[in-house]
Amino acid sequence: MSTKKQLLATLLILIGAILLIYTMIEEQSSVYFKIFGVIFLMIGLFRATRVWVDDNKKIEDEE
745 MSTKKQLLAT LLILIGAILL IYTMIEEQSS VYFKIFGVIF LMIGLFRATR VWVDDNKKIE
805 DEE
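By the count of the working numbering, the sequence shown reaches residue 807 at its end, each step adding exactly one.
And the structure:
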């Protein structure tokens, strides 16, 4: 289950990064691409850090 969460977080980060890079390359890009890029990036980072914290707690409990 954790692997699926990590994959989803990674995909959201990649989609956000691609949208932001696209807006930097393209001169006439819409502001909505920037907004959605930042939103996807932030949601992906939030989900990734939650997964990392949960994994870290499991490792500490095992020790």
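C-beta atoms are modelled at their ideal positions from N, C-alpha and C, and glycine is treated no differently. In this text, all values refer to a predicted model and were calculated from it rather than measured experimentally.
**Straight-line Cα distance separating TRP796 from LEU789** = C-alpha separation (whole angstroms): 10 Å.
**Message:** Within a Cβ cutoff of 8 Å, which residues of the same chain sit near GLN750, ignoring the five residues on either side of it in sequence?
**Reply:** Cβ within range, chain order: ALA792 and VAL795.
**Unbroken alpha helix (DSSP H) run spanning GLN750, endpoints** = 746-769 is the extent of the alpha helix (DSSP H) around GLN750.
**Request:** Measure the CB-CB distance between TYR766 and SER773 and report whether it falls below 8 Å.
**Result:** Yes.
**Asked** Taking the C-alpha atoms as reference points, what is the distance between ILE759 and ASP798?
**Response** Their Cα atoms are separated by approximately 24 Å.
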